[in-house]
Structures are given as structure tokens and as C-alpha cells.
Amino acid sequence: MDEPAETTQALLQAAYRYALALTHHHYEAEDLVQEAWLRVWRKYGEQCTRPLLLSTVRNRFVDGLRRGRLATFEPVKDHDLSDPGDQPVPGGSADLDVLLAYLHAEEREALFLHVVEGQTTAEIAVFTGTTRGTVLSRLHRARERLRRHPQLRRELDSSVDGETGKQS
Amino acid sequence: MSRETEQPLRAYYLGQRLDETALSRIHENALLAETGRDRPRPRPVRKPALVVGLVLALLLGAGGLAWRVAVPDATAHIDAEVRTNYAKDLEPEVRADNFAELAAGLPRLGFALAPSTEEGPLTGWQVTGGRYCSLAGELAAQINLSDARGRQSLLYIVPLVEALQAVEPGVRRHAATDVHIWRDAQRLYVQAIPK
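Heads up: the protein sequence lines correspond to chains R and X, in order.
The numbering of the first sequence is my numbering, which starts it at 96 and goes up by one.
The numbering of the second sequence is my numbering, which starts it at 801 and goes up by one.
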């Protein structure tokens, strides 16, 4: 997809947000951006585009996982969470930051690419090297986990689920 | 899925930003790493920072950068980067109590990992572990140290590449930490010690 030329600052901020979606850790995300920026700047300089930079961030993240450099936290299994059922989380709104920590990295990634970057599930599948069905599953699991957030629950429940079988 | 229903998520992520200091540091590291690489040099240049400054001046004049980036002073840059890394308090990847074990656990370093032969800076400090990191864009070792008082220090060792030749040895004192910089056997040593 063609992207208008972005400033270096905008590219780095976009890369950071994506890295944060992958790692859910501020400093790990910053390190990822640094590593990715070093690579793309050397090779492309100001010709670097957002898809290229995000792809490099992803590659560095996957590489870090393979080398055991990045800690991955297994999300708490659903049955381990005290399940309020359909009731709101006691004490008020659940912290979204905490809820996002309960997601797998690939679930946060799918959500981020879909919600923030505006990618379709087909585009996400191509970007992440998987199938559209897998992307839909990840989005579905992520939404189910995030239903603990009262505001999100209201909005998710009131939305028309047009994803299944249809391209958005 | 209607994207409008995910407003809290969008707001959460769009609210996450790198501050100006981190932005500048990330870009400056890329510029510093670029100096000293294979590039034709019609005239000898003593200080990589001068080259970077000229490049920046050209880029700013052409409107190539969206925001003003100060010409990086190599020593100040390393000092700031080390203090930032110290504050991150990242877990070591390798647990070891000597340099030989540490070197064995960090095989990708590409340079010999050894304690400095200079007396003074490392006296009284015991190795407890280490991890890979980068310093001015170069792959470096970050080594965890502790002393008899239980203080935790971080030591960085990186090859003395061209981009780091301008880093001045000495001690830079700050409110919470002192940063000791010295050279030994074609390596740059930088140690952050809490007060």
C-alpha cells in the first residue's frame, strides 16, 4: 500500500506503538525500535516507509523470541481469572493496560494492526505470514478477554459482528 | 468488527509515545553508527561528531528532518545512553560470576570479553551476570556487577570503533550515578555506579 512520506518522528512513534503492542513493555519496545531503526536507516535512510519499519520491528521481535532475549509471559488462563460473569469488574473500570497484558503477543498485534493501523484481516494475514482465519481467531480471542473492560464490553456487545465470513 | 467500537483501544495506543529525549537518542544512534562505516572520505576527519554535524546541517537545510536534532556530542551521548540503560534495570540474560562464563554465555558479541587491565574502576566489584545490548549502535556487553555493600552497577564493554573514538575518558558525575569511562585494549569501558 502506498504511504505518503512520513517524518522520521512520526515513523518512530508508529514503530514504538507497534513494538509496545508486541511486547507490552516500555523498555523492550524502545529497544526494538532502536534495533529496527538502526537497520532500516543504514539501508534506506529517508526512503524508509512505515510498512518497512513495522516489518523490521516485527522481524526483530521474532528474532528476539527465538534467541530467548525477550521474555514472553503466558497469559493467565481464562479459568484462573476470577470471572465476574456478566457483572462489571468490582471497583469500577478495569485498567486497559492490565487487561492487555493478559493477551498473547499475537492477539495484541492483531488488535493493534486492525484497530490502530486500520489494516483489514487479509492485510494482517499477509503482514504476519499467517492466514485470515488465524487472524480472525486471534481477534475473537482478544475481544473475549477484553470483555472484562466495562466500556469495551458495552461497545463490543452493541456492535454488529460483521467479521465472520466477511472481509472488513 | 466495527473499528469505531474499539475507541478505547485506539486511544490507549495512540496515547503511547516516545518522549523527545528517546526520539533524539534513537535517531542519533543511527547517525553515529553510520559514521565510521565504509564511506569514501576525501579528507581525513578527526571527529565523527563533526561529520554528523555537517550531515545534519545539510539535512536541516534541505528540510529533510522534521525536528531539530542537536549535533551529538559523543561523550555526552554515551553518558546519557548508559544512564538510561541503567535506569531500565533489565534482567541479565546470562548468570555468571566471572568473565569466562559470561563470554561463553554471550557468543554473539564478536569481540573478546575480558575485564579491564586497569586498576581502579572495577576494584571491589563482582560479576553477577550480563546481557547483550547496544551502545551508539554497536553490539555491546552489559555486565551486572555488585559490591560488598550490595550496590548494583552496570559495566558496558564495546569495541572501540571509529564512531566511538571521540568519546573522552573520565568520570561524569550526576545526582544519582557516576559514569566512569575508560579505554583498554581497543575496547571502550563504561561503568555506571550508584552513589
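For each residue, glycine too, the CB sits at the ideal point set by N, CA and C.
Cutoff 8 Å: residue i Cβ touching any chain R Cβ
i, result
"alanine 830/X", "yes"
"leucine 964/X", "no"
"leucine 909/X", "no"
"valine 990/X", "no"
"leucine 823/X", "yes"
"leucine 890/X", "yes"
Interface partners of residue i on chain X, CB under 8 Å
i, result
"leucine 133/R", "Asn829, Ala830, Ala833, Ser934, Gly937"
"alanine 116/R", "Tyr813"
"valine 128/R", "Leu818, Ile826"
"glutamate 201/R", "Correct list: empty, because the minimum Cβ distance to chain X is about 16 Å."
"glutamate 125/R", "Leu818, Ala822, Ile826"
"valine 211/R", "Leu809, Arg810, Tyr813, Leu814"
Element boundaries [alpha helix (DSSP H), containing residue i]
i, result
"arginine 145/R", "145-161"
"glutamine 965/X", "Glutamine 965/X -> no alpha helix (DSSP H), and no H or E assigned at all."
"valine 128/R", "121-139"
"valine 193/R", "191-196"
"glutamate 218/R", "216-223"
"glutamine 104/R", "103-118"
"alanine 200/R", "200-210"
"glycine 1007/X", "Lying before the first or after the last residue shown, residue 1007/X is absent from chain X, which here runs from 801 to 995."
"threonine 229/R", "227-241"
Any chain X beta carbon closer than 8 Å to residue i
i, result
"glutamine 104/R", "yes"
"phenylalanine 207/R", "yes"
"valine 152/R", "no"
"valine 221/R", "no"
"glycine 186/R", "Unreliable positioning characterises glycine 186/R in this predicted model, as indicated by a pLDDT of 33, which lies under 50. The coordinate reading is nonetheless provided below. No, glycine 186/R does not count as interfacial toward chain X."
"tyrosine 122/R", "yes"
"leucine 176/R", "Only weak support exists for where leucine 176/R lies, its pLDDT of 37 falling under 50; the coordinates are left without a value."
"phenylalanine 156/R", "no"
Opening and closing residue of the beta strand (DSSP E) in which residue i lies
i, result
"aspartate 947/X", "No beta strand (DSSP E) holds aspartate 947/X; DSSP gives it neither H nor E."
Bridge-paired residues (DSSP) for residue i
i, result
"aspartate 978/X", "Arg973/X, Ile993/X"
"leucine 955/X", "Ile943/X, Gln991/X"
"glycine 929/X", "Arg895/X, Asn944/X"
"leucine 935/X", "Glu938/X"
"aspartate 789/X", "For residue 789/X there is no data in the structure shown, the boundaries of chain X being 801 and 995."
"aspartate 984/X", "Arg987/X"
Per-residue contacts from residue i into chain R (C-beta, under 9 Å)
i, result
"arginine 817/X", "Gln108, Tyr111, Arg112"
Per-residue contacts from residue i into chain X (C-beta, under 7 Å)
i, result
"tyrosine 139/R", "The premise fails here: tyrosine 139/R is roughly 11 Å from chain X at the closest Cβ pair, so nothing lies under 7 Å."
Cβ-heavy atom distance, residue i to the ligand SAM, below 7 Å
i, result
"glutamine 942/X", "The model on display carries no ligand, and the ligand SAM is accordingly not part of it."
Considering only residues of the region 888-927 of chain X, which uninterrupted alpha helix (DSSP H) runs meet the minimum length of 4 residues and lie entirely inside it, listed in chain order?
DSSP runs (the alpha helix (DSSP H)) wholly in the region 888-927 of chain X: 899-905.
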